[in-house]
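Going down the list, the protein sequences come from chains X and P. Here the numbering used here = 1-based position in the first sequence + 7. Here the numbering used here = 1-based position in the second sequence + 42. Structure, as structure tokens:
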Amino acid sequence: MTHNTVKASDYAFTLLRYLTLFGLLGTILIPLAFVISVSFRPPEEFFTSGVYLIPKNPSLEAWEQALRFLVEPLKNSLLIASGTTIVSMLIAVPGAYVFGRKEFPGKDIIYYALFVSLLFPHILLIAPITDIWFEIKLYNTVIGMWLALQVFVIPFMIYILRDYFEKLPQNLEEAAQIYGCTEFTAFVRVVLPIAMPAVVAVAFLAFLIGWNEFLFANMLTSGQGPRPAIVELFLLTQGTSGNVYWGRLMAITLVLGTPPTVLYLFARSYLGQAFNIT
Amino acid sequence: MPPKAAQETDKQSKSSPSTHVLIEDMRKTFDDGSIVACQDINLSINEDEFVVFVGPSGCGKTTTLRCIAGLEIPDSGHVEIQGREVTHLKPKDRDVAFVFQDITLFPHMTVRQNIQFGLDMKTSLSGSEKEEKVREVAQMLGIEELLDRQPSALSGGQQQRVSLGRAMVMDPSAFLLDEPFSALDANLRDRMRIEVKKLQQKLNKSMIFVTHDQEEAMTLGDKIVVMNDGRIQQIGSPYEIYNEPANHFVAQFIGSPSTNLMPCTLEAGRDGISISSGFFELELPPDLADQINGYEGRVDLGVRPEHLELGEDGIFEADIQVVEPHGSRDAVYLTAGDRELVAVVDAGVIPQDRDTIQVDMDIDKIWLFKESGERLL
């Protein structure tokens, strides 16, 4: 008897689990399917009545326009995102290492100060940063974007990486030092390779932030400067002149999502390792 | 000029040609001097000696070892290795190898790469020369077939063997081992101990081994350095340490079951000096009485469990609490007065159902310690 009831509730549970999974999947995939669908429709089909996925008169016009439009902004996005990643890595990786494994006066206070900076909305910084960037001629420059984004990228990365460094075996660098390393080469030859999964993971996150960050990008660049694709995308939705060309907008969205997706596929195995070290 | 010359001869007299590692007046503190990890450390170690630092946790043995390795820099005093002043040198410039308590193989390298790491960093040998050395060491340690594995695929014992290999391949002037086997299970620990001892004899290199386990210390060391509270308590052969402890601490710490210590009073009477504990009295024979130079007052009498003689007549009677079999010997736990004592006798000598027994002790086998802990007799 009891055996049967357990079985019934097992089925119910399995059913519920799949329903939940499909529900979640649906909320992501259905809109995505329509995004793809709309990107291949001619403008006449944007507002036709009736719901359907396969466009009646498929057209590549939206994609052609999108790609032509995106050449410059994508270049800017790539420059900003990769530069942001490199600058942040140069600072955050050694920084997190020191916070995780070395002792120095004021360590805790400085660490918590960094951490607290993550808790405040960084929109607070928009006005002062824009102001200062104007003054020191970083406004509308790629370097200006690299530096501005560090304000929240570096604390975030240090926060994630510090734990990873901290958890590595106690005497690792000491063993390296006995067998011929200085403190610095112990970091480079032993600690860094071990921490590679976490470093790749945060590099990916830094790139993602650099690629998708909108607030600073919108304020610190203009049409004459290195305006990244994400801002251009936003401006298109504002529809300055009449109707928004939805097909193009969808195509741009898809193009914008591609580099992070590709990067994610490369970094995936590292991401998995990074957050469960044994 | 003359003072300097005098100093130099003085130095030479301290370090004889065979002295390999020399530590003088070393002191190390932590937290701005509030914690004294070790002080007044003076020690000389010969080229082929197996030295064991032993003491309870926090006694400064590991700190001393780390100062020799260069992982800590002493506050004062100095360290010499092969006649070379190394006190402030970096670990890599000292020509020592260190095996850590926790397993510290580099997890991202194979066993081979781990063993070869030091050669890669410190020498300019060719690839085939390095390979040859690694193979040689692996063969000696019986880990040849593990060379291409990752450390995570090895057992604790194998990992520690690789750690040893990483040390051996460097052919260092001294091996420093910091409780290398404490994470292993008892059986494996015994085996590794024997192997290390054999290895040391084969390599003929000075080895300094730190342990908190006095039995491990006794079985391994040519020379044992007993430490407590940051100071060296006694340096000697296992035999000396066991039979002639310098003070109360050493008597108590070395040996298992541990030495019986009983508070007593020394009194000069009409016919000599007597020791009284409340439940027995002993007369000191004249030759021993001379040795204590008229010291009177409170002392601790120490006697090893195997030197308590149980039988039909003795100087006091004790209640038998427990008879604990230890293979060929039995440990007999006794109470006399309000004291707990332990005696070790041949197995089966004391019948299980016996309640009381007479206890005797050989006056030549007892030790007396002053209240300060110093050995009196």
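Beta carbons: idealized from backbone N, C-alpha and C, even for Gly. These numbers were taken from a predicted model, which means no experiment stands behind them.
Query raised in the report: Taking all protein chains shown into account, do 16 or more other C-beta atoms lie within 10 angstroms of the C-beta of T21 of chain X, making it buried, or fewer, making it exposed?
Result: Here residue 21 of chain X corresponds to residue number 14 of the first sequence, with the count starting at 1. With fewer than 16 other Cβ atoms within 10 Å, it is exposed.
Query raised in the report: If the cut is a Cβ gap below 7 Å, which residues of chain X does H150 of chain P touch?
Result: As a first step, residue 150 of chain P is located in the second sequence; it is residue number 108 there, counting from the start. Under the 7 Å cutoff, chain X gives P200 and I201.
Report task. Count the CB pairs spanning the segment 192 to 206 of chain X and the segment 231 to 246 of chain X that are closer than 8 Å, and state whether there are at least three. Result -> no
Query raised in the report: Is the Cβ-Cβ distance between G23 of chain P and N302 of chain P less than 8 Å?
Result: Missing from the structure shown is residue 23 of chain P; chain P here goes from 43 to 419 and no further.
Query raised in the report: Could one say the Cβ of V206 of chain X lies closer than 8 Å to chain P's Cβ atoms, at least one of them?
Result: One-based indexing of the first sequence puts residue 206 of chain X at position 199. It does not: the Cβ of V206 of chain X has no partner Cβ on chain P nearer than 8 Å.
Report task. Please work out which residues of its chain come closer than 6 Å, Cβ to Cβ, to S319 of chain P, disregarding the five sequence neighbours upstream and downstream, and give them in chain order. Result -> Residue mapping note: residue 319 of chain P aligns to position 277 of the second sequence, counting from 1. Closer than 6 Å at the Cβ level, and outside the excluded window around S319 of chain P, lie M304 and C306.
**Report entry** is_contact[P133 of chain P, chain X] using C-beta, thresh 8 Å
**Finding:** Taking the second sequence and counting its residues from 1, the one referred to as residue 133 of chain P is at position 91. Output row for P133 of chain P: interface = yes.
Query - Test: A139 of chain P CB closer than 8 Å to a CB of chain X - result: Taking the first residue of the second sequence as 1, we reach residue 139 of chain P at position 97. Cβ-Cβ to chain X under 8 Å: yes for A139 of chain P.
Requested in this report: Can you grab the Cα-Cα spacing for the pair E114 of chain P / V197 of chain X, in whole Å?
Outcome: Within the second sequence, numbered from 1, the residue matching residue 114 of chain P stands at position 72. Within the first sequence, numbered from 1, the residue matching residue 197 of chain X stands at position 190. Approximately 20 Å between the Cα atoms of the pair.
Query - D406 of chain P versus V386 of chain P - alpha carbon distance - result: As a working note, residue 406 of chain P is residue 364 in the second sequence. As a working note, residue 386 of chain P is residue 344 in the second sequence. Straight-line spacing of the CA atoms in D406 of chain P and V386 of chain P works out to 18 Å.
Query raised in the report: If you draw a straight line from the alpha carbon of S84 of chain X to that of P149 of chain P, how long is it in whole angstroms?
Result: Along the first sequence, one-based indexing puts residue 84 of chain X at 77. Along the second sequence, one-based indexing puts residue 149 of chain P at 107. Roughly 37 Å between the two C-alpha positions.
Query raised in the report: Among X:M226, X:I161, X:Y25 and X:Y119, which has the Cα closest to the Cα of L97 of chain X?
Result: Stepping through the first sequence from its first residue, residue 97 of chain X is reached at position 90. When each option's Cα is compared against that of L97 of chain X, the closest is X:I161.
Query raised in the report: Whose Cβ in chain P lies nearer than 7 Å to the Cβ of L179 of chain X?
Result: Here residue 179 of chain X refers to the residue found at position 172 of the first sequence. T146, listed in chain order.
Query raised in the report: Going by alpha carbons, who is nearest to V78 of chain X out of X:N64, X:V123, X:R234 and X:P267?
Result: For this step, residue 78 of chain X is matched to residue 71 along the first sequence. The residue with the shortest Cα to Cα distance from V78 of chain X is X:R234.
**Report entry** chain P contact for Y277 of chain X (CB, 8 Å cutoff)
**Finding:** For the purposes of this step, residue 277 of chain X is taken as the residue at position 270 of the first sequence. No, Y277 of chain X lies away from the interface with chain P (no Cβ there is under 8 Å from its Cβ).
Query raised in the report: Exposed or buried, D220 of chain P, counting other C-beta atoms within 10 Å across all chains shown (16 or more means buried)?
Result: Along the second sequence, read from residue 1 onward, the residue named residue 220 of chain P stands at position 178. With 16 or more Cβ atoms within 10 Å of its Cβ, D220 of chain P is classed as buried.
Query - Expected contact under 8 Å - CB spacing of D355 of chain P and Q400 of chain P to nearest Å - result: Taking the second sequence and counting its residues from 1, one reaches residue 355 of chain P at position 313. Taking the second sequence and counting its residues from 1, one reaches residue 400 of chain P at position 358. Rounded to the nearest angstrom, the Cβ distance from D355 of chain P to Q400 of chain P is 5 Å, consistent with a contact under 8 Å.
Requested in this report: Please work out which residues of its chain come closer than 6 Å, Cβ to Cβ, to I167 of chain X, disregarding the five sequence neighbours upstream and downstream, and give them in chain order.
Outcome: As a first step, residue 167 of chain X must be located in the first sequence, where it is residue number 160. The residues are V209.
Query raised in the report: Quick one: is D82 of chain P buried, meaning 16 or more other Cβ sit within 10 Å of its Cβ, or exposed?
Result: Here residue 82 of chain P refers to the residue found at position 40 when the second sequence is read from its first residue. D82 of chain P is exposed by the Cβ-count criterion.
Query raised in the report: Quick one, are the C-beta atoms of L156 of chain X and G217 of chain X less than 8 Å apart?
Result: Residue 156 of chain X sits at position 149 when you count from the first residue of the first sequence. Residue 217 of chain X sits at position 210 when you count from the first residue of the first sequence. Yes, the Cβ-Cβ distance between L156 of chain X and G217 of chain X is below 8 Å.
Query raised in the report: Using 8 Å as the Cβ pair cut-off and three pairs as the minimum, do the segment 234 to 245 of chain P and the segment 255 to 264 of chain P touch?
Result: By the Cβ test, the segment 234 to 245 of chain P is in contact with the segment 255 to 264 of chain P, since at least three Cβ pairs between them sit closer than 8 Å.
Query raised in the report: Does the distance from the C-beta atom of I317 of chain P to that of L308 of chain P stay below 8 Å?
Result: Working through the second sequence from its first residue, we reach residue 317 of chain P at position 275. Working through the second sequence from its first residue, we reach residue 308 of chain P at position 266. Yes.
Requested in this report: For A378 of chain P, write down the residues that DSSP places opposite it in a beta bridge.
Outcome: On the second sequence, position 336 is the one that residue 378 of chain P refers to. Paired residue(s): P:R381.
Query raised in the report: If we count the other Cβ atoms within 10 Å of its Cβ and call it buried at 16 or more, is N246 of chain P buried or exposed?
Result: Numbered from 1 along the second sequence, position 204 holds the residue referred to as residue 246 of chain P. By the 10 Å Cβ count, N246 of chain P comes out exposed.
**Report entry** the segment 179 to 192 of chain P / the segment 150 to 161 of chain P touching (three or more Cβ pairs under 8 Å)
**Finding:** yes
Requested in this report: Could you tell me the distance, in whole angstroms, from the CA atom of A120 of chain X to the CA atom of V158 of chain X?
Outcome: Taking the first sequence and counting its residues from 1, the one referred to as residue 120 of chain X is at position 113. Taking the first sequence and counting its residues from 1, the one referred to as residue 158 of chain X is at position 151. Those two C-alpha atoms are separated by around 13 Å.
Query raised in the report: Does the beta carbon of V42 of chain X sit closer than 8 Å to a beta carbon anywhere in chain P?
Result: The residue given as residue 42 of chain X occupies position 35 in the first sequence. V42 of chain X does not count as touching chain P.
Query raised in the report: Just reading off the beta strand (DSSP E) that V78 of chain P is part of, what are its end residues?
Result: As a working mapping, residue 78 of chain P is identified with position 36 in the second sequence. Where V78 of chain P is concerned, the enclosing beta strand (DSSP E) stretches over I77 to N88.
Requested in this report: Report yes or no: is there a C-beta of chain X within less than 8 Å of the C-beta of M163 of chain P?
Outcome: For this step, residue 163 of chain P is matched to residue 121 along the second sequence. Answer yes: the Cβ-Cβ gap between M163 of chain P and chain X drops below 8 Å somewhere.
Query raised in the report: If you measure from the beta carbon of I159 of chain P to each beta carbon in chain X, is any gap under 8 Å?
Result: Along the second sequence, read from residue 1 onward, the residue named residue 159 of chain P stands at position 117. One point to set straight first is that residue 159 of chain P is Phe, not Ile, in the sequence displayed. Yes, its Cβ sits closer than 8 Å to a Cβ of chain X.
Query - Touching by the beta-carbon criterion (3+ pairs, under 8 Å), the segment 54 to 65 of chain X and the segment 273 to 280 of chain X - result: no
Query raised in the report: Beta-carbon separation of I77 of chain P and T71 of chain P under 8 Å?
Result: In the second sequence, the residue the question calls residue 77 of chain P occupies position 35. In the second sequence, the residue the question calls residue 71 of chain P occupies position 29. A contact, by the Cβ cut-off of 8 Å.
Query raised in the report: Among residues of its own chain, excluding the 5 on either side of G230 of chain X, which ones have a beta-carbon nearer than 7 Å to its beta-carbon?
Result: Within the first sequence, numbered from 1, the residue matching residue 230 of chain X stands at position 223. Same-chain partners within the cutoff: there are none.
Query raised in the report: Roughly how many angstroms lie between the CA atoms of E220 of chain X and G107 of chain X, to the nearest whole one?
Result: Position 213 of the first sequence holds residue 220 of chain X. Position 100 of the first sequence holds residue 107 of chain X. E220 of chain X and G107 of chain X: Cα-Cα distance of roughly 28 Å.
Report task. In angstroms with no decimal places, state the Cα-to-Cα distance between Y18 of chain X and R24 of chain X. Result -> Translated into positions along the first sequence, residue 18 of chain X becomes position 11. Translated into positions along the first sequence, residue 24 of chain X becomes position 17. Spanning the two alpha carbons is a distance of roughly 10 Å.
Requested in this report: In angstroms with no decimal places, state the Cα-to-Cα distance between T165 of chain P and D135 of chain P.
Outcome: Counting from one through the second sequence, the residue named residue 165 of chain P turns up at place 123. Counting from one through the second sequence, the residue named residue 135 of chain P turns up at place 93. Each residue's Cα considered, the two are about 12 Å apart.
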